[in-house]
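Q:
In our numbering, the protein residues as written are 689 to 896.
(1) If you follow the alpha helix (DSSP H) that residue 834 is part of, which residue opens it and which one closes it?
(2) How far does the alpha helix (DSSP H) with residue 726 in it reach, from first residue to last?
(3) Go to residue 773, then tell me how far its alpha helix (DSSP H) extends in each direction, as first and last residue.
(4) Between the beta-carbon of residue 742 and the beta-carbon of residue 783, is there less than 9 Å?
(5) If we call anything under 9 Å between Cβ atoms a contact, is residue 824 one with residue 775?
(6) Count the other CB atoms within 10 Å of the CB of residue 813; is the residue buried (16 or more) or exposed (fewer)?
(7) Does the structure place the stretch 794-801 close enough to the stretch 729-746 that three or more beta carbon pairs sit under 8 Å?
(8) Would you decide whether residue 863 is buried or exposed? Buried here means 16 or more other CB atoms lie within 10 Å of its CB.
(9) Compare the C-beta of residue 721 against all C-beta atoms of chain C and say whether one is closer than 9 Å.
(10) Could you check the C-alpha separation between residue 769 and residue 815 for me, to the nearest Å?
(11) Roughly how many angstroms lie between the CA atoms of residue 731 and residue 767, to the nearest whole one?
(12) Mind listing, in chain order, the continuous alpha helix (DSSP H) runs of no fewer than 4 residues lying wholly within the stretch 790-839?
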């Protein structure tokens, strides 16, 4: 992975402003989620499930053909939304974003983006899921209905589109208008490995 300290000064103003906007929105969502959880009567099992989700994120499978790593962390995060609500999923995945950033020694800007992007994406997807399904978190309701099962597609799709969309936007803003030259291509690849660690967990070109 490129040296994160050297990439920060070259980040265009538009990308910095975008990250700031995502950071403000995402941090507000995560803070609100933490406040809701502190005041709720939810069983403490959600804490153990969150810890399991974050620990699961450290267990990855390398995919050499595309130089990426696959993790089941997002699967557990989506399950936490179904079981306990979008607040648990948002808080859990945001904290996992901080863990990933620390593990890859990312700079402050990238850490803020990872934290806010994941929390915001899963919280929004979770809210949309419960709106479409009309269901409640499974920890205090019965077995899922047919509508709930169908709404799972909405949850997964919304999370992927929001998460990927925000990441693609910051990459595009970082590359700027010089996309056809080799320098821009190299820059885009560097930013993709710095920002786009979600889903397939993009890794550096050297193996750990």
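Every residue gets a Cβ at the ideal spot worked out from N, C-alpha and C, and that includes glycine.
A: So, from the data block:
(1) On the chain shown, residue 834 is found 146 positions in, with the first residue counted as 1. According to the DSSP assignment, residue 834 belongs to the alpha helix (DSSP H) that extends over 834-863.
(2) Here residue 726 refers to the residue found at position 38 of the chain shown. Judged by DSSP secondary structure, residue 726 falls within the alpha helix (DSSP H) whose first and last residues are 701-727.
(3) In the chain shown, the residue the question calls residue 773 occupies position 85. Segment: none, residue 773 is in no alpha helix (DSSP H) and carries neither H nor E.
(4) Here residue 742 corresponds to residue number 54 of the chain shown, with the count starting at 1. Here residue 783 corresponds to residue number 95 of the chain shown, with the count starting at 1. The beta carbons of residue 742 and residue 783 sit closer together than 9 Å.
(5) For the purposes of this step, residue 824 is identified with residue 136 of the chain shown, where counting begins at 1. For the purposes of this step, residue 775 is identified with residue 87 of the chain shown, where counting begins at 1. Contact flag unset, no.
(6) Residue mapping note: residue 813 aligns to position 125 of the chain shown, counting from 1. Only buried fits residue 813, as 16 or more other CB atoms lie within 10 angstroms of its CB.
(7) Counting Cβ pairs under 8 Å, fewer than three are found: no touch.
(8) For the purposes of this step, residue 863 is identified with residue 175 of the chain shown, where counting begins at 1. Burial call: buried.
(9) Within the model displayed, chain C is absent; a lone protein chain is all it includes.
(10) Reading the chain shown from its first residue, position 81 is the one you call residue 769. Reading the chain shown from its first residue, position 127 is the one you call residue 815. If you draw a straight line from the Cα of residue 769 to the Cα of residue 815, it is about 9 Å long.
(11) Start at 1 with the first residue of the chain shown, and residue 731 comes out as number 43. Start at 1 with the first residue of the chain shown, and residue 767 comes out as number 79. The alpha-carbon separation between residue 731 and residue 767 amounts to approximately 16 Å.
(12) Listed in chain order, the complete alpha helix (DSSP H) runs (minimum 4 residues) inside the stretch 790-839 are 796-821.
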